[in-house]
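Residue numbers (mature numbering (1 follows the signal peptide of the UniProt record, and there is no 0)): -17 to -1, 1 to 146.
Working notes for the structure below.
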């Protein structure tokens, strides 16, 4: 049962990336679902209560940091909540740092790709979703970077949770 619940993490990462790319939003329901499945997984996997509490603390710490970034206008609210929900799964481990590094790498690459596309292509393709993404005033769908980072660390997450 624990392995089935563990699949929620990569599935949520894919769903968040797709949603953000399509609509520049990450559903609150998706973030709540990802957060709610973690305790179910933790109990099914036999995680000690102290470890569960540390995972919760990691999620809250990341939420506090990313909420500050959201309040400053540096990131979207969905991105902040998704990072916190993912951090709940990763806990205060080196894997959390790896996730942050991969998110930064994918985010930088994604930003460069969008800057180049916006400089070279006109936002008049006739496809509303593409045109919206090509508009210079549109932000970067950072949920894509978060989702890719989540997928990149999923094998290590599975290994750490099933060891």
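Glycine included, every Cβ here is placed at the ideal spot set by N, Cα and C.
Identity of the residue in the options nearest residue i by Cα
| i | options | result |
| --- | --- | --- |
| residue 33 | 11, 74, 56, -15 | 74 |
| residue 103 | 20, 4, 118, 89 | 118 |
| residue 66 | 145, 122, 9 | 9 |
| residue 27 | -14, -1, 36 | -14 |
| residue 110 | 5, 140, 1, -9 | 5 |
| residue 20 | 37, 3, -11 | -11 |
| residue 86 | 130, 14, 15, -16 | 130 |
| residue 77 | 136, 125, 44, 93 | 136 |
| residue -3 | 145, 123, 13 | 13 |
| residue 79 | 44, 31, -16 | 44 |
Test item: CB-CB of residue i and residue j under 8 Å
| i | j | result |
| --- | --- | --- |
| residue 42 | residue 25 | no |
| residue 147 | residue -6 | Look at the range of the chain in this structure, -17 to 146, and you will see that residue 147 is not part of it. |
| residue 116 | residue -9 | no |
| residue 128 | residue 90 | yes |
| residue 123 | residue 99 | no |
| residue 29 | residue 71 | no |
| residue 2 | residue 133 | no |
| residue 7 | residue 121 | yes |
Where the alpha helix (DSSP H) containing residue i begins and where it ends
| i | result |
| --- | --- |
| residue 107 | From DSSP, residue 107 is part of no alpha helix (DSSP H); its letter is neither H nor E. |
| residue 138 | 126 to 145 |
| residue -17 | Taken as a continuous stretch (DSSP letters only), residue -17 belongs to no alpha helix (DSSP H), as it is neither H nor E. |
| residue 70 | 60 to 73 |
Cutoff 8 Å; reference residue i; Cβ partners in own chain excluding five residues on either side
| i | result |
| --- | --- |
| residue 49 | 58, 62, 63, 64, 66, 67 |
| residue 60 | 53 |
| residue 143 | 76, 78 |
Same chain, Cβ closer than 6 Å to residue i, neighbours up to 5 away in sequence not counted
| i | result |
| --- | --- |
| residue 108 | 114 |
| residue -17 | 27 |
Residues near residue i in its chain [Cβ-Cβ closer than 7 Å; skip 5 each side]
| i | result |
| --- | --- |
| residue 101 | 117, 119 |
| residue 95 | none |
Handout entry: Within the segment 4 to 39, ranges of the beta strand (DSSP E) (whole runs, at least 3 residues)
Key = none
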